[in-house]
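Residue numbers (my numbering): 1 to 475.
Written out below as structure tokens is the structure these notes cover.
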Ligand code: FAD
Ligand code: NAI
């Protein structure tokens, strides 16, 4: 039967499309179903990440950073620019082109790897030990059968109670990425990853940005020393962040948005803005999957319940990425996708959440892997830490970007690296060295003894590793 597959993947985001490619590489007859539509109604593979997440946000972060450099940093290099102006429509058109290049890239990869693609919504019909029947609802409805099913249906933005997204004035990440002109006053609720990245984009382009955050601490999950440095840097740039607030009411309309809240002291406050981005986390997406009909178990927060190997409660049904527990990151989804495909053919892969890197693409960038000092203190594990500032790094001085530092934390006795925390230029790239080191159970001395190119930002990592034993050479 033509539509009889070894593996059917539901969802073509970074988890699903990578799982499908790996399954096909391993010789499995594989299909992927994805329902995302581009503005012409056609397919747009890549999920949240490619269409309204990682990729478009980084495109706008790059464009807005160029604009900010042209307006400020270029003068320090002796480059004069008169009448600097910004064409937001062009910037947005570029963002859309970058997204389309990525959509098309995945379509090409499916063809290359012989993954059969179905455009539409996939849902369970019936199944069990003998296999599964999956319906595809879309322009060309279809029915597929599969020995294995991988659920990779991702996540959706969480809305504030009583303030539904209209994507005109009350915006999710979707609307936040396609604002057509720079708002005068922009409000953001939630000073998490999206709040800081999107807040940075629109502040650089000229908006007056205020971020309202419920928690009393800034970037609570980040190493405290890094969070403090970040808070200082963002305040200097003019990003206004208020902590410890409680939102009481949000009212949107044609004229903008009114937000009522209490501040950290409990006093009632109000705030008006042209547009409001709500970035208070994301919720797993199992809409339309017909999970209940086949008894697919969800946990109490609505995630598909899985074990450490991404197995669900149903025979040969797996789930990966944002729709299951763990960090909501594209690279975590990808690693789980590869691992599940390999498990299906009897291999024994392993995904270690402790070495999943995090990056916040603000300026300065923030990146980390492993444990923070506060986590180690709480667990009572004895450690030593070394830091090295970019101010003392020759390449950073030449770049004109000396904010921040690298911190290496190692076990007090064995010297095994337990965590690496970075804030500064291009740390999104530098963090990979720390991930590799931790995967290979390296000690801080290992990094300190490895030759790093000069002048390079990576020397700050080497110096921070040397600083663990108080023997940094350049500070
Ligand atoms: P998704 O990417 O959400 O893909 C799920 C896909 O399944 C979608 O295409 C959806 O349409 C489809 N689907 C759902 N249900 C069905 C169904 N029943 N039938 C058919 N198709 C279905 N992560 C990073 O690591 N780095 C970043 O820089 C980063 N930036 C981000 C910026 C923003 C603004 C946002 C919102 C997120 C960002 N993320 C980032 C998070 C990242 O996007 C997610 O972790 C990642 O997309 C999760 O991948 P996934 O495959 O699990 O799900
Ligand atoms: P987040 O979890 O990063 O941040 C949400 C913030 O909102 C938190 O600080 C939380 O305390 C706050 N908050 C929650 N409820 C609130 C309320 N009622 N009022 C005020 N503040 C409130 O979630 P975010 O920014 O929405 O992003 C979702 C996820 O997407 C991230 O956790 C991350 O996994 C992923 N992402 C990753 C990126 C990257 O890797 N660079 C970029 C953007 C998103």
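Ideal placement from N, C-alpha and C gives every residue a C-beta, glycine not left out.
Span separating the alpha-carbon of residue 61 from that of residue 144
The alpha-carbon separation between residue 61 and residue 144 amounts to approximately 41 Å.
So does residue 281 have its beta carbon nearer than 7 Å to some heavy atom of the ligand NAI?
Correct: residue 281 has its Cβ closer than 7 Å to the ligand NAI.
Three-way DSSP call (helix, strand, coil) for residue 190 in this model
Three-state result, residue 190: coil.
Look at the alpha carbon of residue 1 and the alpha carbon of residue 464, and state the distance between them as a whole number of angstroms.
Low local confidence applies: a pLDDT of 48 at residue 1 is under 50, so the model's placement there is unreliable, with the coordinate-based value given in what follows. The straight-line gap from Cα to Cα measures roughly 60 Å.
Length of the line joining the Cα atoms of residue 469 and residue 254
Each residue's Cα considered, the two are about 60 Å apart.
Sort out for me which residues DSSP pairs residue 389 with in a bridge.
Bridge partners of residue 389: 405.
By the 10 Å Cβ neighbour count, where 16 or more other Cβ atoms means buried, how is residue 216 classified, buried or exposed?
Exposed is the call here.
Give the single residue among 338, 110, 353 whose Cα lies nearest to the Cα of residue 347.
When only C-alpha atoms are compared, the closest one is 338.
Whole angstroms is fine: what's the gap from residue 88's alpha carbon to residue 271's?
The alpha-carbon atoms of residue 88 and residue 271 are separated by roughly 26 Å.
Assign residue 105 to one of three DSSP states: helix, strand, or coil.
DSSP, read as helix, strand or coil, puts residue 105 in helix.
First and last residue of the beta strand (DSSP E) that includes residue 253?
That run of the beta strand (DSSP E) goes 246-253.
Given 8 Å as the limit, is there contact between the segment 196-209 and the segment 374-388, that is, 3 or more CB pairs closer than that?
Not touching, per the Cβ criterion.
Taking all protein chains shown into account, do 16 or more other C-beta atoms lie within 10 angstroms of the C-beta of residue 451, making it buried, or fewer, making it exposed?
The residue is exposed, with fewer than 16 neighbouring Cβ atoms inside 10 Å.
Beta-carbon proximity check, residue 120 vs residue 321, cutoff 8 Å:
Contact flag unset, no.
Rounded to the nearest angstrom, what separates residue 137 and residue 327 at their Cα positions?
Going from the Cα of residue 137 to the Cα of residue 327 covers about 30 Å.
Would you say the beta carbon of residue 329 comes nearer than 7 Å to a heavy atom of the ligand NAI?
Indeed, a heavy atom of the ligand NAI lies less than 7 Å from the Cβ.
Mind checking whether residue 110 and residue 118 have CB atoms under 8 Å apart?
Result no, Cβ atoms of residue 110 and residue 118 do not sit closer than 8 Å.
Does DSSP put residue 178 in a helix, in a strand, or in coil?
In the structure shown, residue 178 adopts coil according to DSSP, grouped into three states.
Over the uninterrupted beta strand (DSSP E) stretch that includes residue 143, give me the two end residues.
If you look at residue 143, you'll find it in the beta strand (DSSP E) that goes 142-151.
Could you tell me whether any non-hydrogen atom of the ligand FAD is closer than 7 Å to the CB of residue 459?
No; taking the cut-off as 7 Å, the Cβ of residue 459 has no heavy atom of the ligand FAD nearer than that.
4-residue-minimum alpha helix (DSSP H) runs that sit fully inside the segment 327-370, ordered along the chain
You should have 330-344.
Determine the extent of the alpha helix (DSSP H) in which residue 18 is found, giving its start and end residues.
In the DSSP assignment, residue 18 falls within the unbroken alpha helix (DSSP H) covering 14-25.
Contact belief for residue 10 with residue 33 at Cβ below 8 Å, rounded distance in angstroms:
About 5 Å separates the two Cβ atoms, so the contact holds.
Could you check if residue 85 is buried or exposed, using at least 16 other CB atoms within 10 Å of its CB as the buried criterion?
Taking all protein chains shown into account, residue 85 has fewer than 16 neighbouring C-beta atoms within 10 Å of its C-beta and is therefore exposed.
Under 8 Å, do residue 407 and residue 421 count as touching if we go by C-beta distance?
In terms of Cβ geometry, residue 407 and residue 421 form a close pair [threshold 8 Å].
Leaving aside the five residues before and after residue 396 along the sequence, list all residues of the same chain whose C-beta is less than 8 Å from its C-beta, in chain order.
Correct list, in chain order: 390, 402, 424, 425, 457, 460.
Among the residues of its own chain, which have a CB less than 8 Å from the CB of residue 370, if the five just before and after it don't count?
Cβ within range, chain order: 354, 355, 409, 417, 418, 419, 420, 434, 438.
Given a threshold of 16 other Cβ atoms within 10 Å of its Cβ, counted over all protein chains shown, does residue 436 qualify as buried or as exposed?
Exposed, because fewer than 16 other Cβ atoms sit within 10 Å of the Cβ of residue 436.
In the DSSP assignment, what are the bridge partners of residue 284?
In the DSSP secondary-structure assignment, residue 284 is bridged to 155.
Please state the DSSP three-state secondary structure of residue 1.
Bear in mind that a pLDDT of 48 at residue 1, under 50, signals an unreliable position, so the number given afterwards is only what the model happens to contain. In the structure shown, the three-state DSSP call for residue 1 is coil.
Within 8 Å, do at least three Cβ pairs link the segment 59-78 to the segment 16-32?
Cβ pair count under 8 Å is below three, so no.
With respect to 7 Å, is the separation between the Cβ of residue 35 and the closest non-hydrogen atom of the ligand FAD below this value?
When distances are taken from the beta-carbon of residue 35 to the heavy atoms of the ligand FAD, the shortest one is below 7 Å.
Are the beta-carbon atoms belonging to residue 172 and residue 241 less than 8 Å from one another?
At least 8 Å separates the beta-carbon of residue 172 from that of residue 241.
At the level of alpha carbons, what is the spacing between residue 318 and residue 99?
Here the C-alpha atom of residue 318 lies approximately 28 Å from the C-alpha atom of residue 99.
Is it the case that the CB of residue 191 approaches a heavy atom of the ligand NAI more closely than 7 Å?
Yes.
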